[in-house]
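These notes are about the structure you will find just below.
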Amino acid sequence: MKRALTCLLALTAAFSGARSVRAEEFTRRSYTLPHGSFEITGEPARPKILGIGFSNNNAGKPVYLAPHFYWGATNSVTLGITHDTGICFTRDPCDRVYNDAGFGMLIAIAKAHDHDVNFHFGVPVGSFYDPFILGVKVGVLARINAGILAFVFDPFLYSGITERDRGNQETIVLPFWLYFQPVRFVAPFVGVSVQGPIRHFDDNYAIPVEGGVVFEVSDNVDLGAMLRFYNLLGKHGTVDGRELGMLARFRF
Numbered sequence: 140m141k142r143a144l145t146c147l148l149a150l151t152a153a154f155s156g157a158r159s160v161r162a163e164e165f166t167r168r169s170y171t172l173p174h175g176s177f178e179i180t181g182e183p184a185r186p187k188i189l190g191i192g193f194s195n196n197n198a199g200k201p202v203y204l205a206p207h208f209y210w211g212a213t214n215s216v217t218l219g220i221t222h223d224t225g226i227c228f229t230r231d232p233c234d235r236v237y238n239d240a241g242f243g244m245l246i247a248i249a250k251a252h253d254h255d256v257n258f259h260f261g262v263p264v265g266s267f268y269d270p271f272i273l274g275v276k277v278g279v280l281a282r283i284n285a286g287i288l289a290f291v292f293d294p295f296l297y298s299g300i301t302e303r304d305r306g307n308q309e310t311i312v313l314p315f316w317l318y319f320q321p322v323r324f325v326a327p328f329v330g331v332s333v334q335g336p337i338r339h340f341d342d343n344y345a346i347p348v349e350g351g352v353v354f355e356v357s358d359n360v361d362l363g364a365m366l367r368f369y370n371l372l373g374k375h376g377t378v379d380g381r382e383l384g385m386l387a388r389f390r391f
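Okay, here's the thing in structure tokens:
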């Protein structure tokens, strides 16, 4: 965990002094990058980059650093290398230090000061090793602003390509976040998602719930923290199964 935090602090120091790209509020930034620009962050809708397990009797496991690297191919198309777990710093429950990656793409459909709508496509590799797990995800990433509120949606459908007989099949994920930006530099949020396999959805759906806050450190850097319950309201919901997360966005 110390190594992960050291990496993040080093990035913060480096990019805080970088040239300013845009001075927009966090809740009004476009998810697609300007042509030629680059970003290190987490998931675009909610940039969690560091996760720390916080469940009962298993606090501190796992600890993982999952950066997403995005590049503005054009003003309307952003390409990226993505991670679900990325670098895992604990052997339990991770069996390898690094065992997943993916390709991501955002294509702008409509964007303005009060909304941002994008086609969201990805090819995640869930495991490099035996079994090799590959899939495709297709969805829409959208934000609608109403004064100091921002409503963010990132619904997608995942379809497994390999290892389908082992359960790597279709999954639907319907996440929603509400951001509140009372002042320029602070954006608290809450989020909820309904997700599960399409087959036997009623018996296996989960409803994660989370909350956190994002702080603007500079025009190039955002940092924040969050608490997530893996399945607070879904089938067999419980307050156990928790995660602390660090949010980060380094844009230049």
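In this text, residue positions in the sequence shown follow the working numbering: the first is 140, and each later residue adds one. Cβ coordinates follow ideal geometry from the N, Cα and C atoms, glycine included. The structure presented is a predicted model; accordingly, all values stated were derived computationally and were not measured.
#1: Return the CA-CA distance between Pro173 and Leu280, expressed in angstroms with no decimal places.
#2: In whole angstroms, what separates the C-alpha of Pro327 from that of Gly350?
#3: For Thr213, which of helix, strand or coil comes out of DSSP?
#4: Do you know offhand how far Asp231's Cα is from Asn370's?
#5: What residues are listed by DSSP as bridge partners for Ile248?
#6: Only counting the same chain, and skipping five residues up and downstream in sequence, which positions put a Cβ closer than 6 Å to that of Lys250?
#7: Hey, quick one: how far does the beta strand (DSSP E) through Phe389 stretch, first residue to last?
#8: Less than 7 Å between C-beta atoms, sequence neighbours within five positions excluded: which residues of the same chain meet that for Gly363?
#9: Measuring only between beta-carbons, confirm whether Leu245 sits less than 8 Å from chain C.
#10: Using three-state DSSP, classify Asn257 as helix, strand or coil.
#11: I think Leu313 touches Val291, with their Cβ atoms under 8 Å apart; what is that distance to the nearest whole Å?
#12: Within 10 angstroms of its Cβ, does Asn196 collect 16 or more other Cβ (buried), or is it exposed?
#13: Taking 8 Å as the threshold (C-beta atoms), are Ile311 and Val331 in contact?
#14: Could you check which residue in Lys187, Ser176, Tyr237 has the C-alpha nearest to that of Ser112?
#15: Kindly identify the DSSP beta-bridge partner or partners of Lys187.
#16: The alpha helix (DSSP H) that contains Phe340, what's its start and end?
#17: When DSSP labels each residue in this structure, what does Val160 get in the three-state scheme?
#18: Restricting to Cα atoms, I'd like to know which of Arg303, Phe324, Asp234 is closest to Tyr338.
The relevant details are as follows:
#1: 17 Å
#2: 8 Å
#3: coil
#4: 20 Å
#5: Ile248 pairs with nothing; no bridge assigned.
#6: Ser169
#7: 381-390
#8: Gly351, Val352, Val353, Phe354, Leu386
#9: Within the model displayed, chain C is absent; a lone protein chain is all it includes.
#10: strand
#11: Their Cβ separation, rounded to whole angstroms, is 12 Å, which puts Leu313 and Val291 out of contact at 8 Å.
#12: exposed
#13: no
#14: There is no way to answer for residue 112, as the model of the chain reaches only from 140 to 391.
#15: Leu386
#16: 340-343
#17: Per-residue confidence for Val160 stands at a pLDDT of 43, beneath the threshold of 50, marking its modelled position as unreliable; the derived number appears in the next sentence. In the structure shown, Val160 sits in coil (DSSP, three-state: anything other than H, G, I, E or B).
#18: A small correction: the amino acid at residue 338 is Arg; Tyr does not occupy that position in the sequence shown. Checking every option, the nearest Cα to that of Arg338 belongs to Arg303.
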